[in-house]
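Visitor: One structure coming up, written as structure tokens, with questions to follow.
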Amino acid sequence: MNRRGFTLIEVLIATAIIVIILGALYSTFFLVERAASDMEGYGLRLQEARRVLDVLSGELKSTLFSAKVRSTRFVLKDRDFFGKPTSDIVFTTINTTTNTPYVVEYYVKEEGTGLILMKRISRGTAADEKPLEIDALKSIESFSILVKEGNKWIGNWDTDMTSGLPKEFKIGITFILKGRSVRLSRIVKPMIEI
């Protein structure tokens, strides 16, 4: 007998092997696609939190206070929001691009089931100007700022009651990322002395 083609069993086995290989490739592709999209969301959230921390650090480095100039101030209040530490801070800082003073306030407010870090900006000299209010970071667990007094970190400071600015600031932001709490923190020293 002269044999010139494949038998039915050979064709079925080859088809089954191709189906198994394509199924494995298909599932691998979608696993990689899902992991990539998850990492993109993870990276964006982390980048957003780091940006807020960088901006706040820069503003605190440029904090400005003089007992002779009444419009300058630094007020830090330690608060508790449903058992989670939060801070309210109001301070005068210098805009490094325009070299003008402005007042910045960071505070936490409730949004639905979570907390949101808010930022309010106004020029230090224009009392009649309406401040700009923005969402700095959504879905946070805590926001705390501590200042160094002597050898200990404290959560309250008011330049009306103290002689000047603290020597160091410790900033901490805790937020939820993929169901886990992530905390970013930084220690900053003011760079401007009057």
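For the sequence shown, position 78 matches number 1551 in my numbering, and the numbering has no gaps at all. The beta carbon of each residue, even a glycine, is placed where N, CA and C say it ideally should be. Computed from a prediction, not measured in an experiment: that's the story for all the values here.
Give the range of the beta strand (DSSP E) segment to which E1641 is assigned.
Guide: No beta strand (DSSP E) holds E1641; DSSP gives it neither H nor E.
Visitor: Find the nearest neighbour of F1564 within the set F1538, G1556, T1573, D1553, judged by alpha-carbon distance.
Guide: Checked all of F1538, G1556, T1573, D1553; the closest Cα to F1564 is F1538.
Visitor: With three or more beta-carbon pairs closer than 8 Å as the criterion, would you say the region 1634–1651 touches the region 1519–1526?
Guide: Touching, per the Cβ criterion.
Visitor: Are I1594 and Y1575 close, meaning C-beta to C-beta below 8 Å?
Guide: Taking 8 Å as the Cβ cut-off, I1594 and Y1575 qualify as a contacting pair.
Visitor: Just to confirm my understanding: we take S1530, look at its own chain, exclude 5 residues before and 5 after, and list those with CB closer than 7 Å. What are they?
Guide: Hits under 7 Å: I1644, R1659, V1661.
Visitor: Does the Cβ of S1560 have 16 or more other Cβ atoms within 10 Å, making it buried, or fewer, making it exposed?
Guide: Burial call: buried.
Visitor: Could you check whether the region 1477–1493 touches the region 1618–1636, counting it as contact only if at least three pairs of C-beta atoms, one from each stretch, sit closer than 8 Å?
Guide: Cβ pair count under 8 Å is below three, so no.
Visitor: Give me, in chain order, the residues of the same chain whose beta-carbon lies closer than 7 Å to that of P1663; leave out the 5 immediate sequence neighbours on both sides.
Guide: Cβ neighbours of P1663 beyond the five flanking positions: L1533, K1534, T1536, L1638.
Visitor: Helix, strand or coil: which one does DSSP assign to K1621?
Guide: K1621 falls in the strand class under three-state DSSP.
Visitor: Got a sec, what are the start and stop residues for the beta strand (DSSP E) L1549 sits in?
Guide: That run of the beta strand (DSSP E) goes 1547–1554.
Visitor: Is it right to say A1497 is buried, meaning 16 or more other beta carbons lie within 10 angstroms of its own, or is it exposed?
Guide: That one is exposed.
Visitor: Need the endpoints of the beta strand (DSSP E) that R1653 sits in, please.
Guide: Unbroken beta strand (DSSP E) run through R1653: 1653–1661.
Visitor: How far does the beta strand (DSSP E) with R1596 in it reach, from first residue to last?
Guide: Counting along the chain, the beta strand (DSSP E) containing R1596 begins and ends at 1587–1596.
Visitor: How should K1640 be labelled, buried or exposed, when 16 other C-beta atoms within 10 angstroms of its C-beta is the threshold for buried?
Guide: The residue in question, K1640, is exposed, as its Cβ has fewer than 16 Cβ neighbours within 10 Å.
Visitor: Would you please state the rounded distance, in angstroms, between the beta carbons of R1543 and T1632? I believe it to be under 8 Å.
Guide: Actually they do not touch by this definition, with Cβ atoms about 11 Å apart.
Visitor: Measuring only the C-alpha atoms, how far is D1608 from V1528?
Guide: In a straight line, the C-alpha of D1608 is about 13 Å away from that of V1528.
Visitor: Thinking C-alpha only, which one of V1655, L1504, I1665, W1626 is nearest D1551?
Guide: D1551 has its Cα closest to that of W1626, out of V1655, L1504, I1665, W1626.
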